[in-house]
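In this note's numbering, the protein residues as written are 83 to 521. Heads up, the beta-carbon is just placed ideally off N, CA and C, and yes, glycines get one too.
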RNA sequence: GACCCAGUAGCUCAGUUGGUUAGAGCGCGAGAUUGUGGCUCUCGAGGUCGCGGGUUCGACCCCCGUCUGGGUCCCCA
């Protein structure tokens, strides 16, 4: 007698029983199909990476949540918290041999070591689409179009009449332009972003004192708060931003172009410009955006993305413009389930073959072989249980549409009894065994 | 990381001022119906009461610790 093992999965990670895996497979298929229709090619990297790939100067939140450890050779490794650094590494490794622009997508499993709550695990799958080597905000518009197509195909409203989602969009260069005039540039700007991102949790006083330590005075702090408060839909939003930061602000110019490129994709009405959107990752340099459930029922973002033109440079490579987004499986499945938008997903069994006793197993296997050659999904019920049980199970557990009964009578007469399942009043009928490959 | 709540059968839960052998519904199995499901009836299997320690003559119940889950703060791969 050995000791009973712990039946629970590791804290914060999930088991996927077949009924869960069906949902996951359905979601991944839709993700892949949308990415394919935009001409993106799938890639992947290993879930294990060198920890140093994620250590960044600006003190990103993500670094503190790294699922890191030392291997037997004392290498510092980490389970990837996101795919983007791996993508950057792979792009760098290819060097100039990679024809640009490139459009790639992936569905990596990612990890973080953090508190567990609803919609928030230590592991998830994240659909990523990235454009490599395109400096134009046309890239962002295309990425948003792909997200919107997915959301619509999943059953969420994306039309002006019924919009279940909203894209909250900003551009880091808006604030950068404002702060540059006040002499805040380079690393100081990045550090400023990190402080600003914390404003809600630490409060305006603490934010001001943190900024003061960076040598940013009250006037500049006041200006930052003023800028962060600006938001609005479409052209109105742009006008509001223009009124606060001036029409020549480079970030504003890009947001204007983005709207111009996004509107032909039918996205204009979904975009809400909101300068309080910062995103937690320090490598973003331009457009940043988050997709939300507009009903507000789910407080967490469905997806987020941005432009990160400087990432490869900070990893020691040649400057390469890149933009991309990520969408996790946990939140979107929660939303779709809540809105009853998940399709009914059953076992995909066509036929159950039922040998009534051990004597009929050989002929049952022949029939199964014949049906499988036709491309049908066939399960042979070897339980030898009574008819009642087998019929019930074939219908409810296997979800089969046809039951092939093989008992003593059938073998003696040379005809299988075929019973249609799931149809009211459908009668069973005999089929010669010879025509089922068991003659 | 901080605080609050919870953990009893496969699932959803009841239970006790601390007292013999811990219950229900659903599900599962058998039979009524020795070859025809979805309804009904009968019977049955299934539990170290999350785990460890303590208090007590005696703990599912009280105390401490711990694990896991839910929630809030926080933050969102």
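Original post:
With a Cβ-Cβ cutoff of 8 Å, do residue 228 and residue 117 count as a contact?
Top reply: In this structure, residue 117 lies closer than 8 Å to residue 228 by Cβ.
Original post:
In whole angstroms, what separates the C-alpha of residue 402 from that of residue 152?
Top reply: So the two alpha carbons sit approximately 32 Å from each other.
Subject >> Test item: CB-CB of residue 220 and residue 343 under 8 Å >> reply: Yes, the pair counts as a contact, with Cβ atoms nearer than the cut-off.
Original post:
Which term fits residue 308, buried or exposed, when burial requires 16 or more other beta carbons within 10 angstroms of its beta carbon?
Top reply: With a threshold of 16 other beta carbon atoms within 10 Å, residue 308 falls short and is exposed.
Original post:
Could you give the residue range of the alpha helix (DSSP H) that holds residue 469?
Top reply: Taken as a continuous stretch (DSSP letters only), the alpha helix (DSSP H) holding residue 469 covers 469–478.
**OP:** List the whole-angstrom C-beta distance separating residue 333 from residue 256, where the pair is believed to meet the contact cut-off of C-beta under 8 Å.
**Re:** With 8 Å as the limit, residue 333 and residue 256 qualify as a contact, their Cβ atoms being about 3 Å apart.
Original post:
Between the beta-carbon of residue 409 and the beta-carbon of residue 384, is there less than 8 Å?
Top reply: Yes, the Cβ-Cβ distance between residue 409 and residue 384 is below 8 Å.
**OP:** Since I believe residue 148 is in contact with residue 195 (beta carbons under 8 Å), could you give me their beta-carbon distance rounded to a whole number of angstroms?
**Re:** Their Cβ separation, rounded to whole angstroms, is 7 Å, which keeps residue 195 and residue 148 in contact under 8 Å.
Original post:
Using the beta-carbon count (16 or more within 10 Å), is residue 374 buried or exposed?
Top reply: Flag for residue 374 reads buried.
**OP:** Just the C-alpha distance for residue 245 and residue 349, rounded to the nearest angstrom, thanks.
**Re:** Distance between the alpha carbons of residue 245 and residue 349: 10 Å.
Subject >> Nearest to residue 131 (by Cα), restricted to the options 437, 447, 341, 170 >> reply: Comparing Cα-Cα distances from residue 131 to each of 437, 447, 341, 170, the minimum goes to 170.
Subject >> Euclidean distance between Cα positions of residue 96 and residue 396 >> reply: Approximately 35 Å, taken between the alpha carbons.
**OP:** Indicate, with yes or no, if the ligand ZN has a heavy atom lying under 7 Å from the CB of residue 114.
**Re:** By its list of ligands, the structure shown contains no ligand whatsoever, and the ligand ZN lies outside what it can speak to.
Original post:
Ordered along the chain, which non-local residues of its own chain (more than five positions away) have a Cβ less than 6 Å from that of residue 505?
Top reply: Around residue 505: no qualifying Cβ.
**OP:** Report yes if the C-beta distance between residue 526 and residue 251 is below 8 Å; otherwise report no.
**Re:** Nothing can be reported for residue 526, as the shown portion of the chain is limited to 83 through 521.
Original post:
With burial defined as no fewer than 16 other Cβ atoms inside 10 Å of the residue's Cβ, what is the status of residue 377: buried or exposed?
Top reply: It is exposed - the Cβ of residue 377 has fewer than 16 other Cβ atoms within 10 Å.
**OP:** Please report the residue range of the alpha helix (DSSP H) in which residue 303 lies.
**Re:** Counting along the chain, the alpha helix (DSSP H) containing residue 303 begins and ends at 300–310.
Subject >> Beta-carbon proximity of residue 514 to residue 497, cut-off 8 Å >> reply: Yes, the pair counts as a contact, with Cβ atoms nearer than the cut-off.
Original post:
Just curious, the beta strand (DSSP E) that residue 406 is in, first and last residue?
Top reply: Here the beta strand (DSSP E) through residue 406 covers 404–410.
Subject >> Which listed residue (346, 200, 134) has its alpha carbon closest to that of residue 417 >> reply: In terms of Cα proximity to residue 417, the closest of 346, 200, 134 is 200.
Subject >> The alpha helix (DSSP H) enclosing residue 354, as first and last residue numbers >> reply: No alpha helix (DSSP H) contains residue 354, which is instead part of the beta strand (DSSP E) from 353–356.
Original post:
Apart from the five residues on each side of it in sequence, which residues of its chain come closer than 7 Å, Cβ to Cβ, to residue 242?
Top reply: Once the five neighbours on either side are set aside, the close Cβ partners of residue 242 are 351.
Original post:
Do residue 254 and residue 368 have their CB atoms nearer than 8 Å?
Top reply: Going by beta carbons, residue 254 and residue 368 fall inside the 8 Å limit.
Subject >> Assigned secondary structure, residue 216 (DSSP; H/G/I helix, E/B strand, else coil) >> reply: In the structure shown, residue 216 falls within a coil segment according to DSSP collapsed to helix, strand and coil.
Original post:
In this structure, does DSSP put residue 94 in helix, strand or coil?
Top reply: Coil.
**OP:** Output the distance between the C-alpha atoms of residue 421 and residue 91, rounded to the nearest integer angstrom.
**Re:** Those two C-alpha atoms are separated by around 28 Å.
Original post:
Using CA coordinates, which residue listed in 486, 192, 203, 184 is at the minimum distance from residue 216?
Top reply: Among 486, 192, 203, 184, the Cα nearest to that of residue 216 is on 184.
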